[in-house]
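First comes the structure, then the notes that go with it.
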Amino acid sequence: DTAVSQTPKYLVTQMGNDKSIKCEQNLGHDTMYWYKQDSKKFLKIMFSYNNKELIINETVPNRFSPKSPDKAHLNLHINSLELGDSAVYFCASSQISDRGYTFGSGTRLTVV
Amino acid sequence: SQQGEEDPQALSIQEGENATMNCSYKTSINNLQWYRQNSGRGLVHLILIRSNEREKHSGRLRVTLDTSKKSSSLLITASRAADTASYFCAINENDYKLSFGAGTTVTVRA
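Protein chains in written order, with the numbering used here: chain A, 1 to 112; chain B, 1001 to 1110.
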């Protein structure tokens, strides 16, 4: 199936831990994104990468470090997790801005 | 940064009725997009309307765009229970950024 897949789907961890979320797309898209959706369903862009290069860092704390080893992968590493990091994180990809984005199914992160 | 603001926040309708939701934004856009999110799932792209277009159709969906009023509307005709979801408008400001609002939650009653 052509898709954006992210793992894990659920992540429960203690404050202060470090965790990673992986994302892969097999759509051949050039651009990948991370979004954070809070408990009120508001979606906020965190990062945009185009062909492995960081394009947008939307004032995200530097505890969040994205890494794109190739244009099909965009992983998100989070250091020193805080309670406020609890949210659903979505990976997405697109080819050009004149087309819609394809989203992964999300990773629900719960920090306790 | 700018984002779409949807109205109403929530909508409850009977199966077979039409559902209309609106989106307003503040500055110039390349295009405006609508997405659907079922509970616990990712967002699914529904329709994209470019800044030089006024209306687009896709199946039971109709989207309008009024750039002079900086607003858009999404109409779902003949709603079904499967249309129960949250609907988001998203503003495309540039090639690498799509900004979303908080969405409209639509409940279709059988």
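Backbone N, C-alpha and C fix where the C-beta goes; we use that ideal spot for every residue, glycine too.
- Residue ranges of uninterrupted beta strand (DSSP E) with 3 or more members, entirely inside the stretch 1013–1056 of chain B and ordered along the chain, are 1019–1024, 1031–1037, 1043–1050.
- As a beta-bridge residue in DSSP terms, I1076/B pairs with A1019/B, L1061/B.
- Contacts with chain B at 8 Å (Cβ-Cβ) include Y101/A.
- With fewer than three CB-CB distances shorter than 8 Å, the stretch 37–47 of chain A does not count as touching the stretch 1010–1030 of chain B.
- When secondary structure is reduced to three states using DSSP, A1082/B falls in the helix class.
- Within the same chain, and ignoring the five residues on either side of Y49/A in sequence, the residues whose Cβ sits closer than 6 Å to its Cβ are M32, S68, L74.
- Under the 8 Å criterion on CB atoms, T7/A is classed as non-interfacial with respect to chain B.
- Going by C-alpha positions, Q14/A is about 5 Å away from V112/A.
- For D85/A, the secondary structure class from DSSP, reduced to helix, strand or coil, is helix.
- Taken through DSSP and simplified to helix, strand or coil, N1094/B comes out as strand.
- Boundaries of the beta strand (DSSP E) around R1109/B: 1104–1109.
- Shown in chain order are the members of the stretch 1045–1059 of chain B whose Cβ falls below 7 Å from a Cβ of chain A: H1045, L1048.
- The Cβ neighbour count for D38/A, taken over all protein chains shown within 10 Å, is under 16; the residue is labelled exposed.
- Contact of Y1096/B with chain A by beta-carbon distance below 7 Å involves T31, S48, N50, I55, I56.
- CA-CA distance, N1038/B to V1108/B, rounds to 13 Å.
- The continuous stretches of beta strand (DSSP E) do not include N51/A, and DSSP gives it neither H nor E.
- Taking CB atoms only, G1016/B has no neighbour in chain A less than 8 Å away.
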